[in-house]
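Asker: Count along the sequence shown starting at 1, add 37, and that's the number in the numbering used here. A single structure is presented below for examination.
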Amino acid sequence: MFVFIESDSHYGAIETLVADLRHHGATVRTFAPQTGPLLFIDDDTASVRDLVDTSGLDCFIYDTDQLPLVGRGRTDAAAKVRIGDTVVGGDEIVVFAGPCSVDTEELTVEVASAVADLGASGLRGGAFKPRTSPYAFEGLGVEGLKILAKARDASGLPVVTEALDAAGAKAVGDHADAIQIGARTSQAFSLLHAAGEQGKPVVLKRGFGCTVDETLHAAEHAMAHGAAGVVFVERGIRTFEQSARFTLDLSGALRLKQLSRFPVLIDPSHAAGDVSLIEPLSRAAVAAGLDGLMVEVHADPKQALSDKHQALTIDGFGHLMNALRPVAEAVGRTVRKPPAKNANVSSHAA
Ligand code: PEP
Ligand code: MN
């Protein structure tokens with residue numbers, strides 16, 4: 038069983054309970070997520086429950102098959118996750134937009150400023166790129182992280198970018214507002230732990246071969262190691278269907294939302310692999326009650342160093358944002374308006 042202890046509990050009382058449990062013969066593992074201490078006790082007998090009950094600690098017990106940090110439990114309320122100044126899971130339909138991979142400073146700053154002017158809530162862009170071929174462009178690494186930081190300064194948008202390994206998680210944690218875990222590494226547990234240890238939110242792509250349950254457990258790994266919340270991204274799973282790059286699993290995304298306390302976005306770019314499907318998939322996701330999008334946008338998609346066929350132009354992004362507004366309103370949500378100082382750039386959105 039799990040014992041979740043309210044964070045204002047007296048540390049000495051927790052130490053005493055752990056010592057008593059171990060003395061009793063139970064195996065106890067302790068975790069320190071941001072929300073409060075968590076004990077995993079490999080024993081669920083009445084005598085163990087009694088020790089917990091009489092400890093005087095303000096705590097909540099979960100069964101072993103529950104997800105104490107990611108599932109709904111102590112409170113049925115959905116959690117909001119703050120990435121920079123952007124609140125994910127609130128009334129706003131959030132949109133993290135930007136290039137697949139960070140290329141030049143000029144193009145990255147251009148796209149960041151343009152999507153901010155059109156109502157984006159965050160900047161995405163890969164500095165460490167997982168590529169099928171070892172000969173493909175694998176990203177600019179730390180140089181790319183520095184470019185993203187400059188694009189954040191220029192646009193005011195918080196930055197989400199992928200870490201591929203534990204060392205990368207530290208570098209991303211030092212530069213970005215949230216650490217993205219990609220579909221290919223969504224069950225790389227040492228990476229999830231390292232990402233959690235940075236203490237920032239984790240943006241977790243669902244692996245294209247992972248079930249909803251596996252995805253929830255991957256999020257639990259990041260949370261147990263200190264993440265400041267998780268934002269799930271359904272980015273398409275692999276099915277027999279070949280007419281799109283992957284198959285957007287809308288029902289899987291909705292299940293993630295039902296079963297977890299955290300917000301869920303979709304990534305129509307990777308799901309479709311084709312710009313023509315981005316807008317209808319996005320409208321469907323917003324209408325269904327999901328929390329927003331992560332979408333690829335490039336100042337000049339022809340020049341993109343990866344995923345050029347699924348990147349919107351800046352004008353295309355403006356069109357998408359305008360298309361989302363009435364759908365969001367219909368389900369009681371909002372899409373961010375362009376900042377007032379740039380209200381005259383709405384020509385992008387023609
Ligand atoms: C990405 O968002 O840059 C990416 C590589 O996506 P995924 O991990 O979903 O393939
Ligand atoms: Mn991509």
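Glycine included, each C-beta is placed from N, C-alpha and C at the ideal position. These numbers come from a predicted model, not from an experiment.
Give the DSSP-derived three-state secondary structure of S297 in the structure shown.
Answerer: Residue numbering aside, residue 297 sits at position 260 when the sequence shown is read from its first letter. DSSP places S297 in strand when its eight states are reduced to three.
Asker: Can the beta-carbon of I351 be found closer than 7 Å to that of A151?
Answerer: Translated into the one-based positions of the sequence shown, residue 351 becomes position 314. Translated into the one-based positions of the sequence shown, residue 151 becomes position 114. Yes, the pair counts as a contact, with Cβ atoms nearer than the cut-off.
Asker: Between K345 and the ligand PEP, is the CB less than 6 Å from at least one heavy atom?
Answerer: As a first step, residue 345 is located in the sequence shown; it is residue number 308 there, counting from the start. Result no, Cβ not under 6 Å from the ligand PEP.
Asker: Starting from the Cα of A322, find the closest Cα among F245, E278, K294, G244 and give me that residue.
Answerer: Taking the sequence shown and counting its residues from 1, the one referred to as residue 322 is at position 285. Comparing Cα-Cα distances from A322 to each of F245, E278, K294, G244, the minimum goes to K294.
Asker: Heavy atom of the ligand MN less than 6 Å from the Cβ of C137, yes or no?
Answerer: Translated into positions along the sequence shown, residue 137 becomes position 100. Yes, the Cβ of C137 comes within 6 Å of a heavy atom of the ligand MN.
Asker: Less than 7 Å between the beta carbons of L5 and E257, yes or no?
Answerer: Nothing about residue 5 can be reported from this structure: the residues present for the chain run from 38 to 387 only.
Asker: Tell me which residues pass a beta-carbon proximity test against the ligand PEP: closer than 5 Å to any heavy atom, given in chain order.
Answerer: Here the list is G163, G219, A220, K242, R272, H307.
Asker: Excluding five sequence neighbours on each side, which residues of the same chain lie with their C-beta closer than 6 Å to the C-beta of A387?
Answerer: Mapped onto the sequence shown, residue 387 falls at position 350. Reliability fails at A387, whose pLDDT of 35 lies under 50, so the model's placement of it is uncertain and the value that follows must be treated cautiously. Within the same chain, A387 has no close Cβ partners at all.
Asker: Give the secondary structure of G181 by DSSP, where H, G and I count as helix, E and B as strand, and everything else as coil.
Answerer: Counting from 1 along the sequence shown, the entry for residue 181 is found at position 144. Reduced to three states, the DSSP call for G181 is helix.
Asker: So V270 packs on D304, CB below 8 Å; how close in whole Å?
Answerer: Reading the sequence shown from its first residue, position 233 is the one you call residue 270. Reading the sequence shown from its first residue, position 267 is the one you call residue 304. Confirmed, about 5 Å.
Asker: If you reduce the DSSP assignment to three classes, tell me which class L349 lands in.
Answerer: Your numbering for residue 349 matches position 312 in the sequence shown. The answer is strand: DSSP assigns L349 an E or B state.
Asker: Measure the alpha-carbon distance for V209 versus L228 and round it to whole angstroms.
Answerer: For the purposes of this step, residue 209 is taken as the residue at position 172 of the sequence shown. For the purposes of this step, residue 228 is taken as the residue at position 191 of the sequence shown. For V209 and L228, the distance between alpha carbons rounds to 12 Å.
Asker: Suppose the cutoff is 6 Å on Cβ atoms and the five residues either side in sequence are ignored; what does the same chain contact list for A63 look like?
Answerer: Taking the sequence shown and counting its residues from 1, one reaches residue 63 at position 26. Cβ neighbours of A63 beyond the five flanking positions: I78, D80, V85.
Asker: Measure from the alpha carbon of A324 to the alpha carbon of each residue in V332, F354, V372, then state which is nearest.
Answerer: Within the sequence shown, residue 324 is the residue found at index 287, counting from 1. Ranking V332, F354, V372 by Cα distance to A324 puts V372 first.
Asker: Give me the Cα-Cα distance between K339 and L349, rounded to the nearest whole angstrom.
Answerer: Along the sequence shown, one-based indexing puts residue 339 at 302. Along the sequence shown, one-based indexing puts residue 349 at 312. Going from the Cα of K339 to the Cα of L349 covers about 11 Å.
Asker: For S280, does the three-state DSSP call read helix, strand or coil?
Answerer: For the purposes of this step, residue 280 is identified with residue 243 of the sequence shown, where counting begins at 1. The answer is coil: DSSP assigns S280 none of H, G, I, E or B.
Asker: Going by DSSP, which residues form a beta bridge with L302?
Answerer: Within the sequence shown, numbered from 1, the residue matching residue 302 stands at position 265. Beta-bridge pairing links L302 to V270, G329.
Asker: Count the other CB atoms, across all protein chains shown, that sit within 10 Å of the CB of V368; report buried if there are 16 or more and exposed otherwise.
Answerer: Counting from one through the sequence shown, the residue named residue 368 turns up at place 331. That one is exposed.
Asker: Report all residues from its chain with a CB closer than 6 Å to the CB of R449; omit the five preceding and five following residues, and keep chain order.
Answerer: This structure gives no information on residue 449, because the portion of the chain shown stretches from 38 to 387.
Asker: Locate the beta strand (DSSP E) running through E199, then write down its first and last residues.
Answerer: For this step, residue 199 is matched to residue 162 along the sequence shown. It spans 196-199 - the beta strand (DSSP E) in which E199 sits, taken as one unbroken run.
Asker: For the beta strand (DSSP E) holding Y172, just list the boundary residues, first then last.
Answerer: As a working mapping, residue 172 is identified with position 135 in the sequence shown. From DSSP, Y172 is part of no beta strand (DSSP E); its letter is neither H nor E.
Asker: Give the straight-line distance between the Cα atoms of F97 and R119, rounded to the nearest whole angstrom.
Answerer: If you number the sequence shown from 1, residue 97 lands on position 60. If you number the sequence shown from 1, residue 119 lands on position 82. If you take the alpha carbons of F97 and R119, they lie about 25 Å apart.
Asker: Rounded to whole angstroms, how far is the Cβ of P375 from the Cβ of G156, which I believe are closer than 8 Å?
Answerer: Reading the sequence shown from its first residue, position 338 is the one you call residue 375. Reading the sequence shown from its first residue, position 119 is the one you call residue 156. Indeed, because the Cβ distance is near 5 Å, the residues count as touching under 8 Å.
Asker: Is the beta carbon of A255 closer than 7 Å to that of S288?
Answerer: On the sequence shown, residue 288 is found 251 positions in, with the first residue counted as 1. On the sequence shown, residue 255 is found 218 positions in, with the first residue counted as 1. Contact flag unset, no.
Asker: Helix, strand or coil for Q235 per DSSP?
Answerer: Here residue 235 refers to the residue found at position 198 when the sequence shown is read from its first residue. Note: Q235 maps to coil in three-state DSSP.
Asker: Compute the beta-carbon to beta-carbon distance between G205 and K242, rounded to the nearest angstrom, for a pair I have assumed lies under 8 Å.
Answerer: Taking the first residue of the sequence shown as 1, we reach residue 205 at position 168. Taking the first residue of the sequence shown as 1, we reach residue 242 at position 205. At roughly 15 Å, the Cβ-Cβ gap does not stay under 8 Å, so G205 and K242 are not in contact.
Asker: Distance check for S280 and V312, CA to CA, integer angstroms please.
Answerer: Within the sequence shown, the letter at position 275 stands for residue 312. Within the sequence shown, the letter at position 243 stands for residue 280. In a straight line, the C-alpha of V312 is about 13 Å away from that of S280.
Asker: Given a cut-off of 7 Å on the beta-carbon distance, is the pair R370 and D128 in contact?
Answerer: As a first step, residue 370 is located in the sequence shown; it is residue number 333 there, counting from the start. As a first step, residue 128 is located in the sequence shown; it is residue number 91 there, counting from the start. The answer is yes: Cβ separation under 7 Å.
Asker: Report buried or exposed for F277, applying the criterion of at least 16 other Cβ atoms within 10 angstroms of its Cβ.
Answerer: The residue you call residue 277 lines up with position 240 of the sequence shown. F277 comes out exposed.
Asker: Please name the residue in F354, F299, A336, R292 whose C-alpha comes closest to that of T248.
Answerer: For the purposes of this step, residue 248 is taken as the residue at position 211 of the sequence shown. For the residues F354, F299, A336, R292, the minimum Cα distance to T248 belongs to R292.
Asker: What is the DSSP secondary structure of V368, reduced to helix, strand or coil?
Answerer: The residue given as residue 368 occupies position 331 in the sequence shown. Residue state, collapsed to three classes: coil.
Asker: Measure the C-alpha to C-alpha separation of I274 and G49 and round it to an integer number of angstroms.
Answerer: Working through the sequence shown from its first residue, we reach residue 274 at position 237. Working through the sequence shown from its first residue, we reach residue 49 at position 12. I274 and G49: Cα-Cα distance of roughly 47 Å.
Asker: Quick one: grab the DSSP three-state call for L155.
Answerer: In the sequence shown, residue 155 corresponds to position 118, counting from 1. Correct three-state label for L155: coil.
Asker: What does DSSP give as the partner residues of E129 in its beta bridges?
Answerer: Taking the sequence shown and counting its residues from 1, the one referred to as residue 129 is at position 92. Beta-bridge pairing links E129 to T371.
Asker: Quick one: is E171 buried, meaning 16 or more other Cβ sit within 10 Å of its Cβ, or exposed?
Answerer: Locating residue 171 in the sequence shown gives position 134, counting from the first residue. The question names Glu, but residue 171 in the sequence shown is Pro. So P171 ends up on the exposed side.
Asker: Per DSSP, what kind of secondary structure is V107 in: helix, strand or coil?
Answerer: Residue 107 sits at position 70 when you count from the first residue of the sequence shown. Three-state DSSP puts V107 in coil, outside helix and strand.
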